[in-house]
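S.K.: Handing you this structure, nothing more for now.
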Amino acid sequence: MNRPGLDAAAPPNPYNPKGNSFSAYNAMKIGWVKNHLTDPNQALPGIAASWEIAPDNSAITLKLQPNAKWSDGQPVTAEDVRMSIGIAYTQGSTAFSVTPGAAGAAAEVTVVDDKTLKITQNMENPSPKFARGVLDTTVLPSHVWKDVLPADFWDKLKTARGEGADADKAREEITALGQKVLAFAPAKDVSAGPFVLERVNPGEALLVKNKHFYNAANVAPAQVKFLNFTGNEQIWNYLTAGKLDHSGFVAAPTDVMNRIKQAPGNEVIKGYSPVAVGMGFNQSKKPYDNVHVRRGLAYLINRDEVTKVASPEGGTPAATTSGIHQKAAPAWIGDTAGQLEPYKPDPAKAEEEFKQAGLTKKDGKWTLSDGSPWKVSMTAPSGFSDWISAQENIKSQLIKNGVDAEVVTVADYPLYLEELAAGKYDVGFWLMALGPAPYDIYQRLYGASNGWTNVAGKVTHAAPGKGGNWMGGAEEIEVEGIGKVNPGELTAKLNTATEEEAKPIMAQLAKAANQDLPVIQLWDYVNNQFVSNSRFTGWPHDDEILRLGTGVLASGVWIQLGMVKPKQ
């Protein structure tokens, strides 16, 4: 296995940003959520063996694994889960938010018996992905963590849900507890997962089998090593040397991919990954405030060529900009998908669009309307080899068509996100289409990054450059065949819409994104996982199981469910 930035001094705390906690290995969730095409609440068993979701989504009742134990031999109880939910509140996780009226927030957590809990949803502002938020909670041992929460925590939480000064104070106190949770350092790892942490050094983390794990008899490996890495190249080297039994998604050019595949035992498994990459525009910078400029650029960029260069195995060229991964689009927007403008490469159409925007061509080069030079400046984080090669390819395509362009790299991804949010870049790459929930898909285009925040069902809009609004799009846009729409308000409706209610809203948003182009959708990711059959076999090839995600979490779930077998 592999993981970036191992820190030997970090505690085995899943909430610590560098914590030596490995999801599905020594950290367990209530359930392991899948990335189904349209249903966000599908999951595989974790600490919960089974659950029942009320037909109106108002509650979920959990039945815990009857023989689940912690690595110190103590049983996993409903009280552990209840305390873990309390800790999740301090982090403001999806189902457990202290913001009054937040969509999909829990109302009550009731311990029915030692192995059963019922969690109800606040139905003032219900969310169709409430159950997902509950299932996605990490379970911690209350006998280790109990002192992190004050004795009056649940009373404080009740107060925090109200109005007035007392409620504000209670909310502040719960949020302040969040820092205590992040800093908590258990003396040793106490795990309910298939493995327990033995030791960490800067190069690797070693986890050994937890003999108390509820399904220990079917866990094949006696130990697991996570190797540290700092960029894609390191993972390529590990894979070509046959050092990894499993690696999650890593982008690789064709020649590297061929080397990886040729290493004895190696195999590439492909599944669905609800993510796409878009070239995002900062519309508060000229000339990107003009839709005709964005459309002109869309007609100049050959997405097939970009994908072939940047992510030949890990991506499929986007059919068009719809905001949705093309595999999920038919399920959500049906016939609308075929009515969208595909923006096939067409220099003549690009020229028309640029002229409409008032750009002028001088000596074969496009200049701004006032005659000053125009250079498309694209930024990417170093280490993101696929993004950088995509931008280099776009740069050469643009220059060939008379548009000057450059690629700028910044130190790392956290800095990139920080500077992007601050509006420092003209053009940057942006992950989008994050399914399966409709709201998550569109809030990447018409959410906080484009000025709209949705708190407790109330939508507010921030000016460009304020509150993380780096896209700076217009608050209302004219959409052909629909009229004026406020895409941020439409997106907010998806947060509480049922699957059937969501479909017509998604169709309107797909049309809006297709005409407005806050981003140009370049390629839709494929969930590429790398496995080696040299030591273990039985790696799943079923798309449903592969939808657990692109990282090493997936292999932890496969191992704990007993799918992975030792090689005979």
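The numbering of the sequence shown is my numbering, which starts it at 2 and goes up by one.
Backbone N, C-alpha and C define an ideal beta-carbon position, used for all residues, glycine too.
Model, not experiment: these values are computed from the prediction.
Residues bridged to His247 by DSSP?
M.R.: Working through the sequence shown from its first residue, we reach residue 247 at position 246. According to DSSP, His247 bridges with Val532.
S.K.: Measuring CA to CA, which of Gly458, Arg445, Ala498 is closest to Gly474?
M.R.: Here residue 474 refers to the residue found at position 473 when the sequence shown is read from its first residue. The shortest C-alpha separation from Gly474 is found at Arg445.
S.K.: Nearest-angstrom Cα distance between Gly47 and His213?
M.R.: In the sequence shown, the residue the question calls residue 47 occupies position 46. In the sequence shown, the residue the question calls residue 213 occupies position 212. Going from the Cα of Gly47 to the Cα of His213 covers about 15 Å.
S.K.: In chain order, what residues of the same chain have a beta carbon less than 7 Å from the beta carbon of Leu183, not counting five sequence neighbours either side?
M.R.: Within the sequence shown, the letter at position 182 stands for residue 183. Excluding residues within five positions, the ones whose Cβ falls inside 7 Å are Tyr16, Asn17.
S.K.: Can you give me the C-alpha to C-alpha distance between Glu80 and Leu45, rounded to a whole angstrom?
M.R.: Indexing the sequence shown from 1 puts residue 80 at position 79. Indexing the sequence shown from 1 puts residue 45 at position 44. C-alpha separation (whole angstroms): 22 Å.
S.K.: If we call anything under 8 Å between Cβ atoms a contact, is Asn14 one with Phe185?
M.R.: By one-based count along the sequence shown, residue 14 stands at place 13. By one-based count along the sequence shown, residue 185 stands at place 184. Yes, the pair counts as a contact, with Cβ atoms nearer than the cut-off.
S.K.: Checking the sheet assignment: what are the DSSP bridge partners for Gly165?
M.R.: Taking the sequence shown and counting its residues from 1, the one referred to as residue 165 is at position 164. Per DSSP, none; premise fails for Gly165.
S.K.: Helix, strand or coil for Asn455 per DSSP?
M.R.: On the sequence shown, residue 455 is found 454 positions in, with the first residue counted as 1. Looking at Asn455 - three-state DSSP - the assignment turns out to be strand.
S.K.: Is Thr39 helix, strand or coil when you go by DSSP?
M.R.: Walking along the sequence shown from the start, residue 39 turns up at place 38. Reduced to three states, the DSSP call for Thr39 is coil.
S.K.: So what's Val408 in DSSP terms, helix, strand or just coil?
M.R.: Taking the sequence shown and counting its residues from 1, the one referred to as residue 408 is at position 407. The answer is strand: DSSP assigns Val408 an E or B state.
S.K.: Would you identify the three-state DSSP class for Leu198, choosing helix, strand or coil?
M.R.: For the purposes of this step, residue 198 is taken as residue 197 along the sequence shown, with counting starting at 1. Strand, per DSSP.
S.K.: From the DSSP output, which residues share a beta bridge with Ile48?
M.R.: Residue numbering aside, residue 48 sits at position 47 when the sequence shown is read from its first letter. In the DSSP output, where bridge partners are listed per residue, Ile48 has none listed.
S.K.: Counting only the same chain and skipping the five closest in sequence on each side, list residues whose C-beta sits under 6 Å from that of Ile61.
M.R.: Locating residue 61 in the sequence shown gives position 60, counting from the first residue. For Ile61, where only same-chain residues beyond five positions count, the Cβ hits under 6 Å are Trp52, Ile54, Ile120, Ala132, Val135.
S.K.: Would Gln509 and Leu495 be called neighbours here (beta carbons separated by less than 8 Å)?
M.R.: If you number the sequence shown from 1, residue 509 lands on position 508. If you number the sequence shown from 1, residue 495 lands on position 494. Not in contact: Gln509 and Leu495 (Cβ atoms no closer than 8 Å).
S.K.: Could you tell me how far apart the beta carbons of Asp305 and Pro318 are, in whole angstroms, since I believe they sit closer than 8 Å?
M.R.: As a working note, residue 305 is residue 304 in the sequence shown. As a working note, residue 318 is residue 317 in the sequence shown. That belief holds up - the Cβ atoms of Asp305 and Pro318 are roughly 5 Å apart, short of 8 Å.
S.K.: What residues in its chain sit with their C-beta under 6 Å from that of Thr308, if we drop five residues either side in the sequence?
M.R.: For this step, residue 308 is matched to residue 307 along the sequence shown. Hits under 6 Å: Gly316, Pro318, Trp524.
S.K.: Looking only at DSSP bridge pairs, what is Leu399 linked to?
M.R.: On the sequence shown, residue 399 is found 398 positions in, with the first residue counted as 1. Bridge partners of Leu399: none, in fact.
S.K.: Taking the alpha carbon of Val201 as the point to measure from, which residue in Gly20, Thr111, Glu268 has its own alpha carbon closest?
M.R.: On the sequence shown, residue 201 is found 200 positions in, with the first residue counted as 1. It is Gly20.
S.K.: Using the three-state DSSP reduction, which class does Pro519 fall into: helix, strand or coil?
M.R.: In the sequence shown, the residue the question calls residue 519 occupies position 518. Pro519: coil per DSSP, three-state reduction.
S.K.: Using a Cβ-Cβ cut-off of 8 Å (strictly less than) and excluding sequence neighbours within five positions of Gly469, which residues of its own chain qualify?
M.R.: If you number the sequence shown from 1, residue 469 lands on position 468. If we look at Gly469 and ignore the five residues flanking it on each side, its Cβ neighbours are Ala422, Ala449, Ser450, Ala463.
S.K.: Please report whether the beta-carbon of Glu502 lies at a distance below 8 Å from any beta-carbon of chain B.
M.R.: The structure shown contains no chain B; it holds only a single protein chain.
S.K.: Could you spell out where the beta strand (DSSP E) holding Ala107 opens and where it closes?
M.R.: Taking the sequence shown and counting its residues from 1, one reaches residue 107 at position 106. Its beta strand (DSSP E) spans residues 107-114.
S.K.: Kindly indicate the opening and closing residues of the beta strand (DSSP E) around Glu268.
M.R.: Indexing the sequence shown from 1 puts residue 268 at position 267. Start and end: 267-282.
S.K.: State the DSSP-derived secondary structure class of Ser378, mapped to helix, strand or coil.
M.R.: Here residue 378 is taken as the residue at index 377 of the sequence shown, counted from 1. Ser378 falls in the strand class under three-state DSSP.
S.K.: What are the boundary residues of the alpha helix (DSSP H) that includes Phe131?
M.R.: If you number the sequence shown from 1, residue 131 lands on position 130. Taken as a continuous stretch (DSSP letters only), the alpha helix (DSSP H) holding Phe131 covers 131-136.
S.K.: Please list the terminal residues of the continuous beta strand (DSSP E) segment that includes Arg4.
M.R.: As a working mapping, residue 4 is identified with position 3 in the sequence shown. It spans 3-5 - the beta strand (DSSP E) in which Arg4 sits, taken as one unbroken run.
S.K.: Taking a contact to mean a Cβ-Cβ separation below 8 Å, would you say Ser1 touches Asn528 in this structure?
M.R.: With the chain covering 2 to 569 only, the question about residue 1 has no answer from this structure.
S.K.: Find the nearest neighbour of Ala299 within the set Gln398, Val565, Lys157, Gly424, judged by alpha-carbon distance.
M.R.: Here residue 299 is taken as the residue at index 298 of the sequence shown, counted from 1. Minimum Cα distance to Ala299 is reached at Gln398.
S.K.: Along the chain, where does the alpha helix (DSSP H) containing Gly87 start, and where does it finish?
M.R.: The sequence position of residue 87 within the sequence shown is 86, counting from 1. Start and end: 79-91.
S.K.: Quick one, which of Lys467, Val532, Val145 has its alpha-carbon nearest Asn283's?
M.R.: Taking the sequence shown and counting its residues from 1, the one referred to as residue 283 is at position 282. Residue Lys467 is the option with its Cα nearest to Asn283.
S.K.: State the CB to CB distance for the pair Leu178 and Leu150, rounded to an integer number of angstroms; the pair is presumed to be in contact (CB under 8 Å).
M.R.: For the purposes of this step, residue 178 is taken as residue 177 along the sequence shown, with counting starting at 1. For the purposes of this step, residue 150 is taken as residue 149 along the sequence shown, with counting starting at 1. Sure, about 7 Å apart at Cβ, within 8 Å.
S.K.: Can you list, in chain order, the residues of its chain with a C-beta nearer than 7 Å to that of Gly403? Leave out the 5 residues immediately preceding and following it.
M.R.: Here residue 403 corresponds to residue number 402 of the sequence shown, with the count starting at 1. Cβ neighbours of Gly403 beyond the five flanking positions: Lys362, Gly365, Lys366, Trp367.
S.K.: Please report how far the alpha carbon of Lys350 lies from the alpha carbon of Lys401, in whole angstroms.
M.R.: Here the question's residue 350 lines up with position 349 in the sequence shown. Here the question's residue 401 lines up with position 400 in the sequence shown. The straight-line gap from Cα to Cα measures roughly 16 Å.
S.K.: Which residue wins for smallest C-alpha separation from Ala406, given the options Pro195, Tyr26, Gly429?
M.R.: The residue given as residue 406 occupies position 405 in the sequence shown. When each option's Cα is compared against that of Ala406, the closest is Gly429.
S.K.: With a CB to CB cut of under 6 Å and the five nearest residues on each side skipped, what residues in its chain are close to Ala89?
M.R.: Indexing the sequence shown from 1 puts residue 89 at position 88. Excluding sequence neighbours, Ala89 sits near Phe97, Thr138.
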